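**Student:** Quick one: this structure, given as structure tokens, is what I'll be asking you about.
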Amino acid sequence: MGWYLMRQRLAKREKFPLIVELEPLFQCNLECAGCGKIQHPEHILRRRMSVEAAVGAIEECGAPMVSIAGGEPLIHPEIDEIASALVRRKRFVYLCTNALLMERKLDKFKPSPYFAWAVHMDGLRERHDASVEREGTFDKAVSAIRAAKAAGFRVTTNTTFFTHDSPKTVREVLDFLNDDLEVDEMMISPAYAYEKAPDQEHFLGVTQTRKLFGEAFADGRRKRWRLNHSPLFLDFLEGKAEFECTAWGIPSYSLFGWQRPCYLMSDGYAATYKELIETTDWSAYGRGRDPRCENCMAHCGYEPTAVLHTTHSLRESLRALAG
Ligand code: SF4
Ligand code: SF4
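Numbering follows this note's numbering, in which position 225 of the sequence shown is assigned residue number 225; successive positions increment by one, without gaps.
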């Protein structure tokens, strides 16, 4: 990533992708109440992105990392081919999954320094199963994580927090993932209030998010946990730093094309990343600019800002390296 960022600066490229959120389908085998992706009509849910389209989009934009999401990517019959084609091109691939199919499909994938699972884990057993609205999902995810680690895969997790979380529930799940399951790294996010999500009551506001993470991170836990975020982004979640949104840094490519402006909101689509960059009014988005952004503290808008601040500051670069 460091070399990639240096190359962009030498090329004087102002806007460039750090990670692409690739959505090769919208269909899922769960129906979480906080999901904003599965409300498409049936004929859209049945569509699958081709391997060529997925690889072509990543090659066109040049991003070094790809997060394959959805829907549930493991439903896609060619997902292993998409992942291996990207790995062959030395792109770092995170395959996001709710893990229901993971153990059964593990042997379609090969461990690689360029490949990691990113398992959806919203809490301990009761909390997670309530969040995804299906009993037994937590146990399946834990079993799949153990199987993937035993098979030599890099395994990360992705946890979304809502208003029914407390500093205690944040600590419990991150302690469990970090110390008991010993996953390689963990990602965390306050839930974004998708307009289409059936549950509109439990999305965190900015003040609640800062309080939740500020208290959860106290007494040295933040440093002890293997969080897959820059220190500045974690400062941002706690309210110790304030940033503008840099949505072009983590763009989203789906069955409809490049989504404007980000993975969370949809104001139309562009056919290429170049067109997305050149025809989007980026200054119109972010908190204080668009009411739909008001409570957003998601990594797809603010982690790129934190990463770019880090690379422009020797002190922050050293802090990031120290972990
Ligand atoms: S597992 Fe993910 S994609 Fe599937 S319904 Fe839940 S939030 Fe949506
Ligand atoms: S603040 Fe940025 S990342 Fe968040 S919804 Fe708005 S444009 Fe998207």
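Beta carbons are placed, not taken as given, at the ideal position from N, Cα and C, and that holds for glycine. None of the values given here were measured: they were computed from a predicted structure.
1. Contact between the stretch 164-179 and the stretch 64-81 is defined here as three or more beta-carbon pairs at a separation below 8 Å; is this criterion met?
2. Determine the direct distance from the alpha carbon of A144 to that of R154, and round the result to whole angstroms.
3. Report the residue from R48, A54, P24 and M65 whose alpha carbon sits nearest the alpha carbon of W393.
4. If you count every other CB in all the chains shown that lies within 10 Å of the CB of T207, and 16 or more means buried, which is it?
5. Assign M6 to one of three DSSP states: helix, strand, or coil.
6. Spatial neighbours of L232 within its chain, please: CB distance less than 7 Å, with the 5 preceding and 5 following residues excluded, ordered by chain position.
7. Kindly indicate which three-state DSSP category Y273 falls into: helix, strand or coil?
8. Indicate the three-state DSSP secondary structure (helix, strand or coil) for M102 in the structure shown.
9. Can you give the Cα-Cα distance for I250 and L264, rounded to whole angstroms?
10. Can you tell me whether P231 is helix, strand or coil according to DSSP?
11. Excluding sequence positions up to five away, which residues of its chain have a Cβ less than 8 Å from the Cβ of H299?
12. Taking Cβ to Cβ, would you say M106 is nearer than 8 Å to A147?
13. May I ask whether a heavy atom of ligand 2 can be found less than 7 Å away from the beta carbon of Y114?
14. Quick one: residues in its chain with C-beta nearer than 7 Å to the C-beta of D267, no 5 flanking neighbours on either side, listed in chain order?
15. Rounded to whole angstroms, how far is the Cβ of L25 from the Cβ of R47, which I believe are closer than 8 Å?
16. According to DSSP, which residues form a beta bridge with C96?
17. Rounded to whole angstroms, how far is the Cβ of S252 from the Cβ of E23, which I believe are closer than 8 Å?
18. Closer than 7 Å to a non-hydrogen atom of ligand 2 - does that hold for the CB of R292?
19. Let me know if P304 comes out buried or exposed under the rule of 16 or more other beta-carbons within 10 Å of its beta-carbon.
**Tutor:** Short version:
1. Because the criterion of three Cβ pairs below 8 Å is not met, the stretch 164-179 and the stretch 64-81 do not touch.
2. The residue labelled residue 154 in the question sits at position 154 within the sequence shown. The residue labelled residue 144 in the question sits at position 144 within the sequence shown. Their backbone Cα atoms lie some 12 Å apart in a straight line.
3. Missing from the structure shown is residue 393; the chain here goes from 1 to 323 and no further.
4. Looking up residue 207 in the sequence shown gives position 207. So T207 ends up on the exposed side.
5. In the sequence shown, counting from the first residue as 1, residue 6 sits at position 6. Of the three classes helix, strand and coil, the one that applies to M6 here is helix, per DSSP.
6. Here residue 232 corresponds to residue number 232 of the sequence shown, with the count starting at 1. Counting only Cβ-Cβ distances below 7 Å, and skipping sequence neighbours, we find A241, A306, H309, T310 and E316.
7. In the sequence shown, residue 273 corresponds to position 273, counting from 1. Correct three-state label for Y273: helix.
8. Your numbering for residue 102 matches position 102 in the sequence shown. Helix, per DSSP.
9. In the sequence shown, counting from the first residue as 1, residue 250 sits at position 250. In the sequence shown, counting from the first residue as 1, residue 264 sits at position 264. Near 11 Å, if we compare the C-alpha coordinates of L264 and I250.
10. Indexing the sequence shown from 1 puts residue 231 at position 231. DSSP places P231 in helix when its eight states are reduced to three.
11. For the purposes of this step, residue 299 is identified with residue 299 of the sequence shown, where counting begins at 1. Listed in chain order, the non-local C-beta contacts of H299 below 8 Å within the same chain comprise M187, S189, H229, F233 and I250, local neighbours out to five positions each way being set aside.
12. Counting from 1 along the sequence shown, the entry for residue 106 is found at position 106. Counting from 1 along the sequence shown, the entry for residue 147 is found at position 147. One point to set straight first is that residue 106 is Leu, not Met, in the sequence displayed. Yes, they are a contact pair.
13. Within the sequence shown, the letter at position 114 stands for residue 114. Y114: no, Cβ never under 7 Å from ligand 2.
14. To locate residue 267, count along the sequence shown from 1; it is residue 267. If we look at D267 and ignore the five residues flanking it on each side, its Cβ neighbours are R260 and P261.
15. Along the sequence shown, one-based indexing puts residue 25 at 25. Along the sequence shown, one-based indexing puts residue 47 at 47. L25 to R47, Cβ: 7 Å. Contact.
16. Along the sequence shown, read from residue 1 onward, the residue named residue 96 stands at position 96. Per DSSP, A118.
17. Against the sequence shown, residue 252 aligns to sequence position 252. Against the sequence shown, residue 23 aligns to sequence position 23. With 8 Å as the limit, S252 and E23 qualify as a contact, their Cβ atoms being about 7 Å apart.
18. As a position in the sequence shown, residue 292 is number 292, starting the count at 1. Yes, the beta carbon of R292 sits closer than 7 Å to at least one heavy atom of ligand 2.
19. Stepping through the sequence shown from its first residue, residue 304 is reached at position 304. So P304 ends up on the buried side.
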